[in-house]
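Contents: one structure, followed by commentary.
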Amino acid sequence: MEQENISFTTSLNVDDWDNNLGGWRCPSLKIPGAEIDAIFSGGQKIDDGKYQILKKHHIIRWADNTPPAKVLASITLTKELTTKELSSKWKKLAIVLPFLATVLTAIISNYSPKGLLKNTQTVDTNENTARKPITTSIDTFRIMFPRGLRAVVSSTNLSQDSVVKDNPSKYLRNKGIALGRVDEGLKKAYAGLVQKSPEEIKFVPWIVDGKPIKIGYSYAIQNAGPISTAQYNEVQLFQGDYYFTIYIHKTSDGEPQGPIIEPTKSGINWDFVKSGISQALEELYLRKKYVEFGDLGVFQEPGGEWEYRLEYTVRTR
Numbered sequence: 107m108e109q110e111n112i113s114f115t116t117s118l119n120v121d122d123w124d125n126n127l128g129g130w131r132c133p134s135l136k137i138p139g140a141e142i143d144a145i146f147s148g149g150q151k152i153d154d155g156k157y158q159i160l161k162k163h164h165i166i167r168w169a170d171n172t173p174p175a176k177v178l179a180s181i182t183l184t185k186e187l188t189t190k191e192l193s194s195k196w197k198k199l200a201i202v203l204p205f206l207a208t209v210l211t212a213i214i215s216n217y218s219p220k221g222l223l224k225n226t227q228t229v230d231t232n233e234n235t236a237r238k239p240i241t242t243s244i245d246t247f248r249i250m251f252p253r254g255l256r257a258v259v260s261s262t263n264l265s266q267d268s269v270v271k272d273n274p275s276k277y278l279r280n281k282g283i284a285l286g287r288v289d290e291g292l293k294k295a296y297a298g299l300v301q302k303s304p305e306e307i308k309f310v311p312w313i314v315d316g317k318p319i320k321i322g323y324s325y326a327i328q329n330a331g332p333i334s335t336a337q338y339n340e341v342q343l344f345q346g347d348y349y350f351t352i353y354i355h356k357t358s359d360g361e362p363q364g365p366i367i368e369p370t371k372s373g374i375n376w377d378f379v380k381s382g383i384s385q386a387l388e389e390l391y392l393r394k395k396y397v398e399f400g401d402l403g404v405f406q407e408p409g410g411e412w413e414y415r416l417e418y419t420v421r422t423r
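For the sequence shown, counting from 1, position 246 maps to 352 in this note's numbering; every step adds exactly one.
Next up, the structure:
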């Protein structure tokens, strides 16, 4: 049966604006075969002549007068993805668009081998570290710090319409989860990444268009970013099935720092990162599970980008 193209939308705002190129950074354009169908603002389609697509830079460049504060880009994937591309490109999309992670997981699980492979496992490029996916009969939580500007806890259950409409925080509290302990863990992990103390990390509501956004259990981070003496200006963390991926960038516009320095010389407080992640995940799993960490190393992806990978396993007590 012929595979249909996959289409989705992504919202871009001032956080995504690149002053040098005069447009919005659109990481979705990194996916093989991704094409912009249309761009909308305020529910109205924007004339094609008002913007340009700079695919090499993954930028939607504004070519008219004052740009809108927020746009919605409609994207279609015109190319069938290989297993390697699934494990790399789709993961990167989830890093910067965490609220799509559940949708992408569902897509990957349900499409036929001709296109998106059914039940595809993400495999580490270092085959010696590959292991079985981590599963739970209730829910699987994921911790992310996209762009180093937000703290996000996502899961399949947190993405359900009824939970989002009600309140993700209320849903977690009703399960008996102490959100104060989760927040403490998230702050400590983030503090380790940005070389600050946990007391310096402040969570505030994530506001979009004057309203708090409900993307999993999430916060914006006040005065986000590393200390001024750090060797990098932006850091991101994404939790996968087998390891945490940490990206560091020379500048806050996403320029990669590569080849990056050895983890022990980066200035990142890995003890804080591990301790904070452990505390947050253990509380999310109601202290019935705990985290074991494995190797920490530097890897280069096929596209040339460098990253840190911190292996982990969630075990039942």
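Note that the Cβ used here is the ideal one computed from N, Cα and C, for glycine as well.
**OP:** Within its chain, find whatever has a CB closer than 8 angstroms to the CB of ASN234; leave out the 5 residues flanking it on each side and keep chain order.
**Re:** In this prediction, ASN234 has a pLDDT of 36, which is less than 50 and means its spatial position is unreliable; nothing more can be read from the coordinates.
**OP:** Mind the definition here: the region 163–177 touches the region 127–140 only if three or more C-beta pairs lie below 8 angstroms; say whether that holds.
**Re:** yes
Original post:
How about VAL59 and LYS395: are their beta carbons less than 7 angstroms apart?
Top reply: Lying before the first or after the last residue shown, residue 59 is absent from the chain, which here runs from 107 to 423.
Subject >> Same chain, Cβ closer than 7 angstroms to VAL202, five either side skipped, listed in chain order >> reply: Unreliable placement is indicated for VAL202, whose pLDDT of 41 sits below 50; the coordinate value is still reported in the next sentence. Answer for VAL202: PRO133, PRO252, ARG253, listed in chain order.
**OP:** Using the Cα positions of LYS320 and ARG256, report the straight-line distance between them to the nearest angstrom.
**Re:** 12 angstroms
Original post:
Per DSSP, what kind of secondary structure is ALA236 in: helix, strand or coil?
Top reply: Bear in mind that a pLDDT of 34 at ALA236, under 50, signals an unreliable position, so the number given afterwards is only what the model happens to contain. Here ALA236 sits in coil by DSSP.
Original post:
From ASP267 to ILE366, what distance separates their C-alpha atoms?
Top reply: 40 angstroms
Original post:
To which residues of the same chain is GLY322 closer than 8 angstroms at the C-beta, ignoring the five residues directly before and after it?
Top reply: PRO204, PHE205, VAL258, VAL259, SER260, SER261, LEU264, SER265, PRO274
**OP:** In angstroms with no decimal places, state the Cα-to-Cα distance between SER117 and GLU413.
**Re:** One alpha carbon belongs to SER117, the other to GLU413, and they sit about 26 angstroms apart.
**OP:** Look at the Cβ atom of LYS151, then the Cβ atom of ALA140, and state whether they are nearer than 7 angstroms.
**Re:** no
Original post:
Can you list, in chain order, the residues of its chain whose CB lies under 6 angstroms from that of PHE378, leaving out five sequence neighbours each side?
Top reply: Contacts found: LYS294, ALA297, GLY298.
Original post:
For GLU413, which beta-bridge partners are listed by DSSP?
Top reply: PHE405
Original post:
Measuring CB to CB, does VAL341 end up less than 7 angstroms from ILE327?
Top reply: no
**OP:** Give every residue of the same chain whose Cβ lies closer than 7 angstroms to the Cβ of GLU417, excluding the five residues on either side of it in the sequence, and list them in chain order.
**Re:** THR235, TYR348, TYR349, PHE399, GLY400, ASP401
Original post:
Given LEU127, which residues of its chain have a CB within under 7 angstroms of its CB, disregarding the five upstream and five downstream residues?
Top reply: Short of 7 angstroms from the beta carbon of LEU127, and not among the five residues preceding or following it, lie these beta carbons of its own chain, in chain order: LEU160, HIS163, ILE165, ARG167.
Subject >> Nearest-angstrom beta carbon gap, ILE283 and GLU389 [assumed within contact, 8 angstroms] >> reply: Contact flag correct, Cβ pair sits at about 6 angstroms.
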